[in-house]
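Heads up: the sequence shown begins at 1374 in our numbering, then just goes up one per residue. This report refers to the structure that appears directly beneath it.
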Amino acid sequence: MPVTISLQLSPKQAADPKTYIPIAARLARVSDTQVALARVVKRSVDARKTPKVNLTVELYIDNEPQPAPLHFDYPDVGAKTPVVIVGSGPAGLFAALRLIELGYKPIVLERGKEVAKRGKDIARINRNQGVDPDSNYAFGEGGAGTFSDGKLFTRSKKRGDYNRALQTLVWHGASPEILYEAHPHIGTDRLPRIMTAIRETILRSGGSVVFGARVTDIELRDGHAVGVRCGDELVEGAAVVLAAGHSARDIYEMLHRRGVELEAKPFAVGVRIEHPQALIDSIQYHTPEGRGEYLPAASYQLVSQEGGRGVYSFCMCPGGFIVPAMTSGDESVVNGMSPSLRNSPYANSGIVTEVRLADFDHLRADHGPLAGLEFQRRLEYLAHEQARLLRSARNDDGSSASLRGENRRSNPENTYGVQAPAQRVADFVSARPSHALPRSSYVPGLTPSRLNEWLPEFISRALRAGISTFGRRMRGFVTNEAVVVGVESRTSTPVRIPRDPDTLTHPAVANLYPAGEGAGYAGGIISAALDGERIANAIAATHP
Ligand SMILES: Cc1cc2nc3c(=O)[nH]c(=O)nc-3n(C[C@H](O)[C@H](O)[C@H](O)COP(=O)(O)OP(=O)(O)OC[C@H]3O[C@@H](n4cnc5c(N)ncnc54)[C@H](O)[C@@H]3O)c2cc1C
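In structure tokens, the structure reads:
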């Protein structure tokens, strides 16, 4: 058995094995020459006072057998039972990998492009040259997780084998550090390579991954899903895994049209907030002089209750960028990502509040279970219109008319791009206009806008109160050096596709397996991946 040693070190000591191995050896009462392998199994930063690094190390002394190298076995499934998977996000890809391990042939249908080509479409969005509705930050190889922060933390570790999911990513090229970091993260510069490696595993094993294959319909026979249609083409399989993500509005609409039961669910919306990273470092590490060479860019996690409504930070990206995450040119949707080194001068995070069923009840009569989706769509359209109108006319008279559905028109040919509406944080909290904005990481550009006025009243009130509360906990958080940008509206799905808790199929459609975030069973890369694996296991249990 290896000897496990827990150390509390300065950031500099923790960065250098030549320093910490002798310390660990001393505590284990062996000489450092006896240490054949020192394996870090846990690392976290404790910044409550002077920042320290907690390191747990396993020491393999002398001839102690060392852990076997990671290995995954993906057999040839080219001639095995086919299973159709809609979407190549984490849920779809991990379902595919697990199906291969279990002896099934996955056929992954993806509306978007492979990562390299998708990267070009994303560059076009950032240059305000239009949004391809099939290839953007949400759609394309690897799903919403590819051009993201790649944080791999999940609260739903119970739902599957969390460590195995991380090991699968390491097998496909992620750094082994993700196996022991308290808050593992990959970074947007490395994720595309990993997604490509997963695709190569699927293809090498005889599965298929088809790009530009937008699923438009589902093929039902006698209450069974037997395949899907991409336009005129029918793709059949023993089961259909629906892992299309929460931005696939056309999939929800298609299911609703086909009479497949869906449920409205509460979700969360808000804004993305951006501070200078140096400011967050100085607040979190209590060091006005900066974080120095050895500490990572600081992060935060904030929660409060404001007038009975939860307000919380979401998907914090230290050293990151705010990105345009819309799927259509007439929406303003923002999200965040960061590179592996987390070295941009900005720190961003979603600050969101609950949207309850009662908040969109007025849309139920016309939109049924898709009422929340309609609420979300109108909010995104409103945000886009605010940026467009204010940019062209500097008109500060924003109203909620578009949220009620008035003045709504599609503008797919728009030429004003995806500039986003923004307000300085102290101005937002105090309900004052911002006439100019600080520099930001949001490449397409920001337009000064009174978010406090045009956001629906219950959202604006909760967010302003929440940010104020956060400012009391983190001195300096409420500052005009920071901005709020609209809108962070795709934190979770407003629609659930129900499924039987035992078989994991849709209760009324045999062989249809709703999976991942879009179906309402995950919220993040790892939880979606674990859900995909669960679905694969459920398919194997019923299709021997
Ligand atoms: C910018 C950004 C940053 C993020 N950062 C993080 C993070 O750091 N950590 C984290 O845990 N989560 C993060 N997320 C969220 C995370 O990416 C999602 O939770 C996760 O990807 C959900 O996985 P999924 O497989 O369920 O769906 P998705 O990843 O959304 O994948 C669905 C796939 O289905 C495809 N599809 C949709 N409709 C069709 C159709 N009709 N036919 C064929 N294919 C279709 C889409 O193109 C897409 O590839 C981020 C998201 C974004 C947008």
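Ideal Cβ positions, reconstructed from N, Cα and C, are used throughout, including at glycine. As the structure is a computational prediction, the values presented were derived from the model and not from experiment.
Please state whether the Cβ-Cβ distance between G1962 and T1866 is less than 8 Å. Summary: the structure shown does not reach residue 1962, with the chain confined to residues 1374 through 1917, and so no result is reported for it.
Can you determine whether any heavy atom of ligand 1 sits closer than 7 Å to the C-beta of P1506, and answer yes or no? no
Please report the distance separating the alpha-carbon of R1767 from that of S1807. Bear in mind that a pLDDT of 49 at R1767, under 50, signals an unreliable position, so the number given afterwards is only what the model happens to contain. Each residue's Cα considered, the two are about 12 Å apart.
Under the three-state reduction of DSSP, which class applies to P1565: helix, strand or coil? helix
Identify whether S1775 lies in helix, strand or coil by the three-state DSSP scheme. Bear in mind that a pLDDT of 39 at S1775, under 50, signals an unreliable position, so the model cannot answer this.
Selected residue, minimal CA-CA separation from G1560, among A1902, I1434 and G1692: G1692
Could one say the Cβ of I1653 lies closer than 8 Å to chain D's Cβ atoms, at least one of them? This model lacks chain D altogether; it includes just one protein chain.
How many angstroms separate the CA atom of V1642 from the CA atom of S1833? 10 Å
Taking 7 Å as the cut-off, does the CB of V1459 come closer than this to any heavy atom belonging to ligand 1? yes
From the DSSP output, read off the bridge partner residues of G1643. V1725 and E1861
Residue nearest to D1449 in terms of C-alpha spacing, selected from E1573, K1391, L1432 and E1431: E1573
Between the C-alpha atoms of V1933 and S1717, what's the straight-line distance to the nearest angstrom? Nothing can be reported for residue 1933: it is not among the residues displayed for the chain, which extend from 1374 to 1917.
Just grab the DSSP bridge partners of M1699 for me. DSSP output for M1699 lists no bridge partner at all.
If I follow the unbroken beta strand (DSSP E) through S1620, where does it start and stop? First-last for S1620: undefined, no H or E at that position.
Where does Q1792 fall in DSSP's three states? coil
Kindly indicate the opening and closing residues of the alpha helix (DSSP H) around N1825. L1824 to W1827
If you compare alpha carbons, which of A1838, C1690 and N1436 is closest to P1649? C1690
By the three-class DSSP mapping on this structure, what secondary structure does R1797 have? strand
Take A1744 and list the residues in its own chain whose beta-carbon comes closer than 6 Å to its own, dropping the five residues that flank it on each side. A1637, F1733, L1736 and R1737
Cβ neighbour criterion (16 or more within 10 Å) applied to S1803: exposed
Per DSSP, the bridge partner or partners of I1378: V1430
Name the residue from N1509, A1720, R1402 and R1848 whose alpha carbon lies nearest to the alpha carbon of E1704. N1509
Taking just the CA atoms, how far does G1702 sit from D1739? 25 Å
Return the bridge partner residues of Y1685 from the DSSP annotation. V1676 and V1725
Note down the Cα distance separating A1795 from A1411, rounded to an integer number of angstroms. 49 Å
I need the boundaries of the beta strand (DSSP E) containing H1597, first residue and last residue. H1597 to C1603
At what residues does the beta strand (DSSP E) containing A1901 begin and finish? From DSSP, A1901 is part of no beta strand (DSSP E) but of the alpha helix (DSSP H) over I1898 to T1915.
With distances taken from CA atoms, which of P1455, F1526 and I1498 is nearest E1609? P1455
Quick one: what does DSSP say H1757 is sitting in, helix, strand or coil? helix
For P1549, I'd like the list of residues in its chain whose CB is within less than 7 Å of its CB, leaving aside the five on either flank, ordered along the chain. V1543
Please say whether R1645 and S1521 have beta carbons closer to each other than 8 Å? no
Enumerate, from N- to C-terminal direction, the unbroken beta strand (DSSP E) stretches of 3 or more residues contained entirely within the segment 1426-1480. 1455-1459
Reduced DSSP secondary structure (H/G/I, E/B, other) of N1768: Bear in mind that a pLDDT of 38 at N1768, under 50, signals an unreliable position, so the model cannot answer this.
From the DSSP output, which residues share a beta bridge with Y1719? P1649
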